[in-house]
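Our numbering numbers the first residue of the sequence shown as 16 and each following residue consecutively. All C-beta atoms, glycine included, are put in the ideal place defined by N, C-alpha and C. Below is one structure, written out as structure tokens; comments come after it.
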Amino acid sequence: MEKHFDPKSIETKWYQTWEKSGYFKPQTSTSGDNYSIMIPPPNVTGSLHMGHAFQDTIMDTLIRYHRMKGDETLWQPGTDHAGIATQMVVERQLAAQGLSRHDLGRDAFTQKIWEWKAESGGTITQQLRRLGASPDWSRERFTMDDGLSGAVKEVFVQLYNEGLIYRGKRLVNWDPVLHTAVSDLEVLSEEEMGSLWHMRYPLTDGSGHLVVATTRPETMFGDQAVAVHPDDERYQALIGKTITLPLVGREIPIIADDYVEMEFGTGCVKITPAHDFNDYEMGKRHNLPMLNVMTVDAAMNDEVPEKYQGLDRYDARKQVVADLEAAGLMEKIEPHKLMVPRGDRSHAVIEPFLTDQWYVAVQELAKPAIDAVKNGDIEFVPKNWENTYFEWMNNLQDWCISRQIWWGHRIPAWYDDNGQVYVARSEQEAREKYQIADDTTLHQDDDVLDTWFSSALWTFSTLGWPAKTPELEKFHPTSVLVTGFDIIFFWVARMIMMTLKFTGQVPFKQVYVHGLVRDGEGQKMSKSKGNVLDPIDLIDGIDLESLVAKRTTGMMQPEKAAKIEKATRKQFADGIESYGTDALRFTFASLASTGRDIRFDLNRCEGYRNFCNKLWNATRYVLMNTEGQDTGLDDTQEIELSLADKWIVSKLQKVEADVAKNFTQYRFDLAASTLYEFTWNEYCDWYLELSKPIINSDSATDAQKRGTRRTLVRVLETILRLLHPITPYITEEAWQTVAPLAGKEGDTIMLQPYPTSNEALEDELSEKELEWVKHVIMGVRKIRSEMDIAPGKKLSILLSNLSDQDKNWLNRNKVFLQTLAKLEDITLLDNEDEAPESAVALVGEMKILIPMAGLIDKDAEMARLDKEISRLEGEVKRFNGKLSNESFVSKAPAAVVEKEKQKLQDTEIALKNLKDQYAKISQI
């Protein structure tokens, strides 16, 4: 092995080997079980972000674990056609040439998108390879491929034939830039500053007026009523009367509805059923007309007075306000904070809009999906997410599945010249099914299906449904869905409904709901905040200038770009170092608890890169001491295990059991912590050191050396297999050299059996004895540190108050103690009072005494400590002053204040330790 661990030198090599060798394909089961995961299909337009990297690390860890367990394992890859996002990408390319999609026509434009996909649509799948993801790429699917397109048509036709898909006029989220309905998931609502206009609506009988408050005066042309709360005494006498709508002259009724908040505004609310979702529901309750007053561009249409027709909604707003003020009908205007819905792609303000759309009637589909979770066929992990799921499912609205774009699954419905609709899998089938003459012209519906419609079929359509394929039989239902909590409604629930409907099975047995990756301060990562981290940059590293350019490119506002550049230069003065894939994956695993938010801190990445270096160096040490040596592979040769050998083997069994339990419970953080602690502290720091007195001893027998060499390689080889699902690259590289020494055969670690614990190898007595040895060594080291004694200086120690067991353990382990604690000699005291002035450490009831005479310069050491104590006292005073400053505490971010409090606490602990040390030395 190379002297230094260099991730770049091994990652590409091993990934190409794995993929080329077909190791990612399902292997014949040795456990008798099957295991499958369907990758949540990333958008074909996308690139790997931190959420993807986290989620895919978790999935790959599970897949590699179950593959090594001997399960026949399938991780099904694929990408989503991302209707709106992909169409926008290609439309931008056309716009750069001065063209629009309408210049090309639908067929030619769609062909352009397919060409774009072939050239540029594989970015994220290549990046997943960089992450070490091991899906069966030979089975990669795309939601627009022929097989999945056929499944979509089949589902649509069957649902339509059963009356569960229908076409109707309802209110939708409308994007006036993209000219299409969009789902709730594609709408981002953010708080913005606006106004609240209080407008006077005259009573028709001339007896006065009502004042209504609105944030959207331009919608008043579509008002169909004014609503008040039925218990509001101010207006009870007016219920049933009418007002005359200003600027229009239409009479509309005053109605009573519990929805109205008496405390908001004036307690009177204008009701515009065709332009507000809450008003729409109220309009249905009171049988009010639905009047759409806008065009698809969010301009005023011909339903409004001629003066306003054609005006953009915001220009119309200004004109309406001006005209109301001129007529003396504007009571007042107040500044007002409100949530403004914007399209996540176009950033345009979304308009509630009344249009004809296709819908899925979901009530009939919802009940089996609710029951599947209630009866345990599907389990949410953590379980509390079931409540979120039930809340959503019990309040379902029919699902709008049509989109007014060209890229996607075109709705399989045809119309004749009279507007009669015919639903079928093809035009030919429609003609045959409905007996339509050949000379009758049919036109296919121009709309396409919501992207979520095809992805709702993902678990079974990717396995060949509606055909009864062997893969569908073997791998469905899938084992687990790994997903963020933010799409439980939009994807998880719909998959459950659709899969139960069309296969009679649940789509997955468990849903592991993970948190969202945020920055180190707990803030959402976003380009506008300048805190986005690119996983590939963390793997490869990136220089400062490239990072600044990446974060500021495309910023609309120069001042925003300048602010982000300044913050980036301050935080990453030297750019971002290369951490390698294994360190990044270990970081993600260590953060994968059952909490909602995941705070990503680069310090963790650095720590796990150090862990990889530690593992690499430990492997090199083992190889240097075992290659070309007898490692106990010949069973006829005598083996003698030392206490340290028995101890590490016993500890290993518990680690194997703990890791298996943690993987089963999706506690990747606990699994990572257990593996880190065992590998770094117990194997590398303790066992490797404990092996040296035997390996390097002239007095140790061949059987003893053989036993230690065998333990060195076998435990290391097991550690590599334990770690492989989380850190695949370094473990593969190391395993190739270590495995033969441990008697293991095979071309790759990823197809080796995952370690399982053996209770027969647990040895509690050896563990207790070795822990005693460790505590003696640590006691001596603690005194060395406190008294500033040189680490390499040989010491004479005194022991007193020993039990019979202490004496037995001492006699058996003097070699370990003398070597690791660097002891000259060990003397037992019958009378502690006879001991000279000594530093003392306790191991149970036994005392370790180290005489100080001649070891340190008392005066010089006390002077050094006195100086350091004064410095720390100054630090404590400074921290206290900062934290007692009300201005700092109230204005600084909570995370900054907490960090200062932690610094104070750490400094106070260090100060106390130094004072204790000063007191001890003063008594010598």
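Where S811 falls: helix, strand or coil (DSSP)
strand
Using 10 angstroms around the beta-carbon of M354, count the other beta-carbons present and answer buried if the total reaches 16, otherwise exposed.
exposed
So who's on the other strand from C620, going by DSSP bridges?
In the DSSP output, where bridge partners are listed per residue, C620 has none listed.
Contact between the region 153 to 170 and the region 81 to 100 (3+ Cβ pairs under 8 angstroms)
yes
Own chain residues within Cβ distance below 7 angstroms of C699, not counting five before or after
K629, A633
List the DSSP bridge partners of W467.
Paired residues: none, contrary to the question.
Rounded to a whole number of angstroms, what is the C-alpha to C-alpha distance between P481 and A166?
6 angstroms
Assuming M214 contacts K352 (C-beta within less than 8 angstroms), just tell me the rounded distance between them.
Not confirmed; about 20 angstroms, so no contact.
Under the rule that 16 or more other beta-carbon atoms within 10 Å means buried, what is K676, buried or exposed?
exposed
Where does T518 fall in DSSP's three states?
helix
Through-space distance from I812 to Q833, alpha-carbon basis:
10 angstroms
Hey, quick one: how far does the alpha helix (DSSP H) through W695 stretch, first residue to last?
First-last for W695: undefined, no H or E at that position.
Mind checking D454: buried by the 16 CB within 10 Å criterion, or exposed?
exposed
What residue from W414, Y374, L814 has the CA that sits closest to P866's CA?
L814
Determine, using beta carbons only, whether L262 and P320 come nearer to each other than 8 angstroms.
yes
Measure the C-alpha to C-alpha separation of M83 and S706 and round it to an integer number of angstroms.
30 angstroms
Residue range of the unbroken beta strand (DSSP E) whose run includes I861:
Checking the displayed sequence, the identity of residue 861 turns out to be Met instead of Ile. Taken as a continuous stretch (DSSP letters only), the beta strand (DSSP E) holding M861 covers 861 to 866.
Pick from T219, I267, H244 that is closest to E278, judged by C-alpha positions
H244
Quick one: what does DSSP say Y769 is sitting in, helix, strand or coil?
coil
To which residues of the same chain is A598 closer than 7 angstroms at the C-beta, ignoring the five residues directly before and after it?
C620, Y623, R624, C627
If you check the beta carbons only, do W473 and M53 fall under 8 angstroms apart?
yes
Exposure label - H19; buried when at least 16 CB within 10 Å:
exposed
Below 8 angstroms on the Cβ atoms is my contact criterion, and I expect T60 with A110 to pass it. Report the Cβ-Cβ distance as a whole number of Å.
Rounded, the Cβ-Cβ distance is 16 angstroms, inconsistent with contact.
Can you give, in chain order, each stretch of the beta strand (DSSP E) that sits fully within the region 40 to 91 and has at least 3 residues?
49 to 53, 87 to 91
Return the first residue and the last residue of the alpha helix (DSSP H) that Y30 is part of.
22 to 36
For the pair the region 486 to 502 and the region 519 to 537, tell me if three or more CB-CB distances fall below 8 angstroms.
yes
Taking the continuous alpha helix (DSSP H) assigned at D161, which residues delimit it?
161 to 176
Any idea if G255 is buried or exposed, counting beta-carbon neighbours within 10 angstroms, 16 or more meaning buried?
exposed
Can you name the start and end residues of the beta strand (DSSP E) that G183 belongs to?
180 to 190
Helix, strand or coil: which one does DSSP assign to Y430?
strand
Can you find at least 3 beta carbon pairs, one from the region 218 to 238 and one from the region 307 to 327, that sit closer than 8 angstroms?
yes
So the candidates are F171, P191, N188; which of them puts its Cα closest to the Cα of R182?
F171
Where does P573 fall in DSSP's three states?
helix
Measure how close the beta-carbons of D295 and P288 come, nearest whole angstrom, since I'm counting them as under 8 angstroms.
Before going further, note that residue 295 is Tyr rather than Asp in the sequence given. Contact holds; Cβ gap of about 5 angstroms.
What is the rounded straight-line gap between the Cα of L206 and the Cα of K544?
In the sequence as displayed, the identity of residue 206 is Glu instead of Leu. Roughly 16 angstroms between the two C-alpha positions.
Rounded to the nearest angstrom, what separates N688 and T88 at their Cα positions?
For the sequence presented, residue 688 should be read as Ser rather than Asn. For S688 and T88, the distance between alpha carbons rounds to 26 angstroms.
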